[in-house]
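For the sequence shown, my numbering begins at 2 and goes up steadily by one.
Where is the CB? At the ideal position from N, CA and C, for every residue including glycine.
These notes are about the structure you will find just below.
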Amino acid sequence: MADVLTIGGGLTGQAAAMLLARDGHHVTVLERDPAPPAASPEEAWAGWERRGVNQFRMLHYFLPRFREIAEVELPDVVAELDADGALRQNPLDGMPVEMSGGLRDDDRRFTVLTGRRPVVEAAVGRVTERTQGVEVRRGVAVQGLLPGNENAGRIPHVVGVVTDDGEELRADLVVDAGGRRSALPRLLSGIGAPDPVEERDDCGFVYYGRHFRSPDGSIPPAFGPGLMPYDSVSILTLPADNGTWGVGLVTSARDAELRATRDPEVWTRVVAAYPLVAHWLDGEPISDVEVMAKIEDRHRTFVVDGVPVATGVLALGDSWACTNPSVGRGASIGLLHACALRDTLRDVPPDDPVALATAWHAATTEVVEPYFRDTLAFDRHRLAEIDAQIAGVPYETDDPAWLLAQALANAAGKDPELLRGYLEIVSLLARGVDVLSRPGIADRALELGAEPAPFPGPSRAELLAIVAT
Ligand SMILES: Cc1cc2nc3c(=O)[nH]c(=O)nc-3n(C[C@H](O)[C@H](O)[C@H](O)COP(=O)(O)OP(=O)(O)OC[C@H]3O[C@@H](n4cnc5c(N)ncnc54)[C@H](O)[C@@H]3O)c2cc1C
Numbered sequence: 002m003a004d005v006l007t008i009g010g011g012l013t014g015q016a017a018a019m020l021l022a023r024d025g026h027h028v029t030v031l032e033r034d035p036a037p038p039a040a041s042p043e044e045a046w047a048g049w050e051r052r053g054v055n056q057f058r059m060l061h062y063f064l065p066r067f068r069e070i071a072e073v074e075l076p077d078v079v080a081e082l083d084a085d086g087a088l089r090q091n092p093l094d095g096m097p098v099e100m101s102g103g104l105r106d107d108d109r110r111f112t113v114l115t116g117r118r119p120v121v122e123a124a125v126g127r128v129t130e131r132t133q134g135v136e137v138r139r140g141v142a143v144q145g146l147l148p149g150n151e152n153a154g155r156i157p158h159v160v161g162v163v164t165d166d167g168e169e170l171r172a173d174l175v176v177d178a179g180g181r182r183s184a185l186p187r188l189l190s191g192i193g194a195p196d197p198v199e200e201r202d203d204c205g206f207v208y209y210g211r212h213f214r215s216p217d218g219s220i221p222p223a224f225g226p227g228l229m230p231y232d233s234v235s236i237l238t239l240p241a242d243n244g245t246w247g248v249g250l251v252t253s254a255r256d257a258e259l260r261a262t263r264d265p266e267v268w269t270r271v272v273a274a275y276p277l278v279a280h281w282l283d284g285e286p287i288s289d290v291e292v293m294a295k296i297e298d299r300h301r302t303f304v305v306d307g308v309p310v311a312t313g314v315l316a317l318g319d320s321w322a323c324t325n326p327s328v329g330r331g332a333s334i335g336l337l338h339a340c341a342l343r344d345t346l347r348d349v350p351p352d353d354p355v356a357l358a359t360a361w362h363a364a365t366t367e368v369v370e371p372y373f374r375d376t377l378a379f380d381r382h383r384l385a386e387i388d389a390q391i392a393g394v395p396y397e398t399d400d401p402a403w404l405l406a407q408a409l410a411n412a413a414g415k416d417p418e419l420l421r422g423y424l425e426i427v428s429l430l431a432r433g434v435d436v437l438s439r440p441g442i443a444d445r446a447l448e449l450g451a452e453p454a455p456f457p458g459p460s461r462a463e464l465l466a467i468v469a470t
């Protein structure tokens with residue numbers, strides 16, 4: 002069993018720490034932010050200071066895949082979330098039978114267990130702190146890596162970290178779960194390691210999001226999917242814990258005219274103009290309109306031409322890759338990645354560091370990379386579509402994957418089988434390519450969904466008039 006140091010105690014770093022500790026490893030989590038997890042949902046929302054995570058109070062939604070994995074792997078976290086008032090909801094409940102075809106035994110897989118990000122992370126944090134074999138040290142930032150002499154000097158090897166106080170901590174394995182702003186390439190270059198291959202680009206989207214609360218703990222009914230595409234904007238409606246929810250406008254960062262929606266009055270006017278969404282404004286606002294732009298799509302490869310850039314350190318969660326978050330996949334992919342780390346360490350111990358680095362690269366490529374690539378492809382198409390809508394021209398592409406995915410989304414309300422296929426994809430329970438390659442699914446989607454079925458809402462010109470009013 003290994004001594005593991007985790008850089009970063011966010012959602013993924015803590016999940017990994019619990020999973021590894023349950024396998025008998027000893028894990029020390031080093032977290033830059035000093036404040037311990039809040040004791041209650043309201044304290045988490047109102048006062049938990051988490052400067053290390055930019056998006057901490059932005060809209061979040063935890064997909065069915067997150068619940069599915071957590072129920073098997075982290076049941077204590079699920080119990081804590083339930084006790085804290087996290088929302089369990091199934092999109093098929095209350096759906097007209099003509100649409101759903103009636104409830105089926107395995108429809109429970111679509112149930113979410115979700116909440117506001119600080120509330121979910123506080124629950125995860127409290128359970129982590131109670132987990133035997135995990136020590137969480139808060140207010141400790143990692144500034145450097147400690148080099149060792151393994152691999153006969155051929156590949157730089159990491160034997161620990163140096164903290165901002167100059168303390169040297171040694172371990173059999175360092176896991177970087179430092180999130181979007183992880184400094185791993187800089188830390189690696191500090192020990193003479195070559196750069197990982199990094200793909201990095203502004204995702205091109207901007208978010209204008211706001212949270213609400215109902216007086217009676219209820220949640221507005223959903224009259225469409227959680228992410229609804231409209232002419233030049235998408236709208237998020239995300240139910241959360243304890244009678245709260247979030248509403249977000251997502252648009253192109255190039256859309257100068259919609260920047261006025263950072264003003265709460267303009268934002269409210271705009272949201273109110275969409276008939277399937279307007280009722281989500283019927284609550285007490287519990288936040289300002291929070292704006293987040295310059296969100297990067299970033300992906301790192303640490304094994305280049307078959308050779309690890311370094312050993313003894315592995316990248317996990319957003320440190321490895323992150324995308325524009327409108328499809329809400331980051332936490333679920335992070336949890337999947339944390340389970341893959343636990344499984345990889347069952348097969349390859351840290352005392353064979355080259356084999357471990359290579360096995361981790363292979364596991365990452367197999368388990369999570371496909372979801373990253375799918376998300377990137379979806380985002381690129383949607384951004385190009387939004388930019389075309391702003392320019393007033395049709396969006397044209399001959400990418401069959403996008404056209405089929407659109408057809409499936411258009412047809413989901415018309416056929417119970419297609420509906421479940423669509424839900425599997427948006428729940429991260431299956432990839433689009435797998436759903437669409439099932440017998441008859443693609444043909445039926447094209448038959449029923451070739452024509453777009455736009456949600457009712459203002460045209461681009463009407464939207465601009467509403468903004469300018
Ligand atoms: C606007 C926005 C909305 C999102 N919405 C969703 C959503 O709806 N659903 C979803 O699943 N995902 C969503 N995501 C993605 C999700 O937030 C991330 O995927 C998730 O937080 C990744 O977890 P992590 O543990 O890898 O990183 P983080 O949660 O970022 O945690 C990293 C931690 O590392 C610490 N740290 C960093 N460097 C150091 C260091 N040197 N020393 C010590 N500590 C360090 C930080 O303080 C932080 O606590 C969203 C992201 C954004 C930007």
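Same chain, Cβ closer than 6 Å to residue i, neighbours up to 5 away in sequence not counted
i    : result
D232 : Q390, S460 and R461
L420 : A413
H27  : D4 and G134
V79  : A71 and E72
D77  : V128
A364 : A341 and T345
G318 : T13, A178, G335 and H338
W361 : L315 and T345
H382 : W403
Rounded C-alpha distance that separates residue i from residue j
i    : j    : result
H300 : I192 : 21 Å
P97  : I467 : 33 Å
L75  : L64  : 15 Å
A402 : V427 : 15 Å
E43  : P157 : 46 Å
T345 : L21  : 11 Å
E151 : E297 : 35 Å
P309 : G10  : 25 Å
T252 : G225 : 19 Å
P197 : G126 : 30 Å
A123 : T13  : 13 Å
L336 : E291 : 26 Å
A257 : D107 : 45 Å
D388 : E397 : 12 Å
L6   : E32  : 11 Å
R255 : L185 : 30 Å
L1   : V305 : This structure cannot settle anything about residue 1, because the visible part of the chain is limited to 2 through 470.
V234 : L377 : 18 Å
A47  : T29  : 28 Å
R66  : A332 : 10 Å
L437 : Y423 : 9 Å
A18  : Y208 : 31 Å
E452 : V328 : 23 Å
E81  : P38  : 13 Å
D444 : G450 : 10 Å
Y372 : P417 : 24 Å
A142 : P440 : 52 Å
P195 : H280 : 53 Å
I442 : G433 : 11 Å
Contacts around residue i, its chain only, beta-carbon distance under 8 Å, and the 5 residues preceding and following it disregarded
i    : result
L282 : F213, V248, T269, V272 and A273
A211 : In the sequence as presented, Ala is not what sits at residue 211; that position holds Arg. For R211, where only same-chain residues beyond five positions count, the Cβ hits under 8 Å are G247, V248, G249, P265, W268, P286, S288, D289, V290 and E291.
T312 : E151, N152, I156, P157, H158, V159, P354, V355, L357 and A358
Which residues DSSP lists as bridging residue i, in chain order
i    : result
M229 : I236
Y208 : V251 and M293
V436 : BP columns for V436 are empty, so no partner.
R445 : Its beta-bridge partners do not exist; DSSP assigns none.
Q90  : V113
L104 : L104 pairs with nothing; no bridge assigned.
W246 : F213 and P240
G145 : V163
P286 : F213
V135 : V28
T302 : V198
7 Å Cβ shell around residue i - same chain, five flanking residues per side excluded
i    : result
N325 : C204, F206, I296, D298 and D380
A456 : Position check: residue 456 holds Phe in this sequence, whereas Ala was assumed. G225, M229, Y231 and L277, listed in sequence order.
Y62  : T115, G227, L239 and G329
Any C-beta of chain D under 7 Å from that of residue i
i   : result
E43 : Within the model displayed, chain D is absent; a lone protein chain is all it includes.
The region 44 to 60 / the region 116 to 134 touching (three or more Cβ pairs under 8 Å): yes
At least three beta-carbon pairs within less than 8 Å, the region 158 to 171 to the region 104 to 112: no
Entirely enclosed alpha helix (DSSP H) segments - the region 20 to 58, minimum 4 residues: 42 to 48
Every unbroken alpha helix (DSSP H) within the region 360 to 395, with a cutoff of 4 residues, ordered by chain: 370 to 392
Sufficient close CB pairs (3 or more, under 8 Å) joining the region 76 to 95 to the region 352 to 363: no
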